[in-house]
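*Asks:* Supplied in structure tokens, the structure appears directly below.
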Amino acid sequence: MDPGLKAEVVLSESNRKSFIEKFKKYQIPKVEEAVPEAAVLVPLCMHNGELGLLYTLRSMKLTTNRGQVSFPGGKRDKEDADLIETALRETWEELKIPKKKIDVWAKGNTIGKYDINVTPVLAYIGEIVVEDLEINPDEVEEAFVISLQKLCDPELFRFTRFQNRLILPSYLGGKHRVWGFTGAITHIILECLIPDIYKNKLSFVQHKVVNESIPIETEKKLINQKNTMSKI
Numbered sequence: 001m002d003p004g005l006k007a008e009v010v011l012s013e014s015n016r017k018s019f020i021e022k023f024k025k026y027q028i029p030k031v032e033e034a035v036p037e038a039a040v041l042v043p044l045c046m047h048n049g050e051l052g053l054l055y056t057l058r059s060m061k062l063t064t065n066r067g068q069v070s071f072p073g074g075k076r077d078k079e080d081a082d083l084i085e086t087a088l089r090e091t092w093e094e095l096k097i098p099k100k101k102i103d104v105w106a107k108g109n110t111i112g113k114y115d116i117n118v119t120p121v122l123a124y125i126g127e128i129v130v131e132d133l134e135i136n137p138d139e140v141e142e143a144f145v146i147s148l149q150k151l152c153d154p155e156l157f158r159f160t161r162f163q164n165r166l167i168l169p170s171y172l173g174g175k176h177r178v179w180g181f182t183g184a185i186t187h188i189i190l191e192c193l194i195p196d197i198y199k200n201k202l203s204f205v206q207h208k209v210v211n212e213s214i215p216i217e218t219e220k221k222l223i224n225q226k227n228t229m230s231k232i
């Protein structure tokens, strides 16, 4: 394991302060106004002796995005004091992780997703045994963790290209592929949390519509070959 991924480094007070500063300044495309607000908790945890991120697979009982990988979260209720409260409430409803176990670091800038604005919140939730989580089957099919080491591995990193010209990251190091909106949030978190180790870059939009995932090396070749690439 890279020494920079050890818990005493990533969870240090200096790295926490550095993350918060980067996370709050991270540039996000302009979001739509007058649309519903939502929040997701990005749970940083210890799992099998390594730091990782906890993901969920949305229940097949849901009407939207069922069976997709996500972070715990949802729409803001009128009773929620703020979006951090939304993320904490949703995490309890989905995984029964209590507030007292969740050490919130910071909330990031809001990201526009279709007809909803989503705010990511990073928190450290300590040691996790996935099998012991009380999963709400109406909302979550299963939960799983991907280590930071695997999330940083360039051999397990891909791009997914969408019809709206966005090229977003995909991560193959876990039980399920992390891609789309959740992949984008993962990328932001890693860039801010471990910038000296996480070297995967995401800085291009392609005008040509191609729906597939391809290795970084292939993507670089395409970027060099095509004149239709433009920076976000």
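For what it's worth, UniProt numbering labels the leading residue of the sequence shown as 1, then goes sequentially. Beta carbons are placed, not taken as given, at the ideal position from N, Cα and C, and that holds for glycine. Only a predicted model underlies this, so the values are computations on that prediction, with no experimental measurement involved.
Excluding the five sequence neighbours on either side, which residues of its own chain have a C-beta within less than 8 Å of the C-beta of residue 174, listed in chain order?
*Replies:* Excluding sequence neighbours, residue 174 sits near 55, 144, 145, 146, 150.
*Asks:* Near residue 61, which residues of its chain fall below 6 Å by C-beta distance, leaving aside the five closest residues on each side in sequence?
*Replies:* Here the set comprises 138.
*Asks:* Considering only their Cβ atoms, is the gap separating residue 38 from residue 91 smaller than 8 Å?
*Replies:* Cβ distance not < 8 Å, so residue 91 and residue 38 don't count as in contact.
*Asks:* Distance, Cα to Cα, residue 170 vs residue 35?
*Replies:* Computed Cα separation, rounded: 27 Å.
*Asks:* Please report how far the alpha carbon of residue 98 lies from the alpha carbon of residue 3, in whole angstroms.
*Replies:* Cα-Cα distance, rounded: 31 Å.
*Asks:* When burial is assigned at 16 or more other CB atoms within 10 Å of the CB, is residue 198 buried or exposed?
*Replies:* By the neighbour-count rule (16 or more Cβ atoms within 10 Å), residue 198 is buried.
*Asks:* Exposed or buried, residue 131, counting other C-beta atoms within 10 Å across all chains shown (16 or more means buried)?
*Replies:* Residue 131 is exposed by the Cβ-count criterion.
*Asks:* What number of angstroms, rounded off, separates the C-alpha of residue 184 from the C-alpha of residue 18?
*Replies:* When rounded, the distance between both Cα atoms is 20 Å.
*Asks:* Enumerate in chain order the residues of its own chain whose CB-to-CB distance from residue 13 is below 6 Å, with the five nearest sequence positions on each side excluded.
*Replies:* Nothing meets the Cβ criterion.
*Asks:* Kindly indicate the opening and closing residues of the alpha helix (DSSP H) around residue 92.
*Replies:* Here the alpha helix (DSSP H) through residue 92 covers 83-95.
*Asks:* State the start and end residues of the unbroken alpha helix (DSSP H) segment that holds residue 181.
*Replies:* Here the alpha helix (DSSP H) through residue 181 covers 180-193.
*Asks:* Classify residue 117 as helix, strand or coil using the three-state DSSP reduction.
*Replies:* Three-state DSSP puts residue 117 in a strand.
*Asks:* How many Å lie between residue 114 and residue 93 at the Cα?
*Replies:* One C-alpha to the other measures close to 24 Å.
*Asks:* For residue 193, I'd like the list of residues in its chain whose CB is within less than 6 Å of its CB, leaving aside the five on either flank, ordered along the chain.
*Replies:* The answer, listed in chain order, is 19.
*Asks:* Quick one, which of 44, 59, 127, 112 has its alpha-carbon nearest residue 28's?
*Replies:* When each option's Cα is compared against that of residue 28, the closest is 112.
*Asks:* Quick check on DSSP: helix, strand or coil for residue 103?
*Replies:* Reduced to three states, the DSSP call for residue 103 is strand.
*Asks:* Would you report the Cα separation of residue 141 and residue 24, rounded to the nearest angstrom?
*Replies:* In a straight line, the C-alpha of residue 141 is about 32 Å away from that of residue 24.
*Asks:* Please go through the same chain and pick out, in chain order, the residues whose beta-carbon is closer than 8 Å to the beta-carbon of residue 106, but skip the five residues on each side of it.
*Replies:* So the list reads 19, 20, 23, 24, 121, 122, once near-sequence residues are dropped.
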